[in-house]
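Peer 1:
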Amino acid sequence: MPNRATHLFRECCKQPIEQTAEMFYSMESMLQVILVIVKEKLVMTARAGFDANEGNALARGSVGAL
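First residue of the sequence shown: 5, per the numbering used here; consecutive thereafter.
1) Just to check my reading of the structure: CYS16 and MET27 have Cβ atoms closer than 8 Å, yes? What is that Cβ distance to the nearest angstrom?
2) Which same chain residues, not among the five before or five after VAL42, have their C-beta less than 8 Å away from its C-beta?
3) With H, G and I counted as helix, E and B as strand and the rest as coil, what does DSSP make of GLN19?
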């Protein structure tokens, strides 16, 4: 049995070109929103990791100075 994406693609091909184009445009817009969300999450995660590493380095440095 074909997967859901294949099924949706076949259904799109049965539709008039205007509806198909509108559907693909909607899917593209949705994917762009998802990519922005994922990018922001990755940036926040990277910043949190950097801040934690920087904090650890400062803590080690201050302990070493004692």
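Heads up, the beta-carbon is just placed ideally off N, CA and C, and yes, glycines get one too. Quantities reported herein were computed from a predicted structural model and do not represent experimental measurements.
Peer 2: Once the coordinates are examined:
1) For the purposes of this step, residue 16 is taken as residue 12 along the sequence shown, with counting starting at 1. For the purposes of this step, residue 27 is taken as residue 23 along the sequence shown, with counting starting at 1. Yes, CYS16 and MET27 are in contact; Cβ-Cβ is about 6 Å, under 8 Å.
2) For the purposes of this step, residue 42 is identified with residue 38 of the sequence shown, where counting begins at 1. If we look at VAL42 and ignore the five residues flanking it on each side, it has no Cβ neighbours.
3) Taking the first residue of the sequence shown as position 1, residue 19 is located at position 15. Of the three classes helix, strand and coil, the one that applies to GLN19 here is coil, per DSSP.
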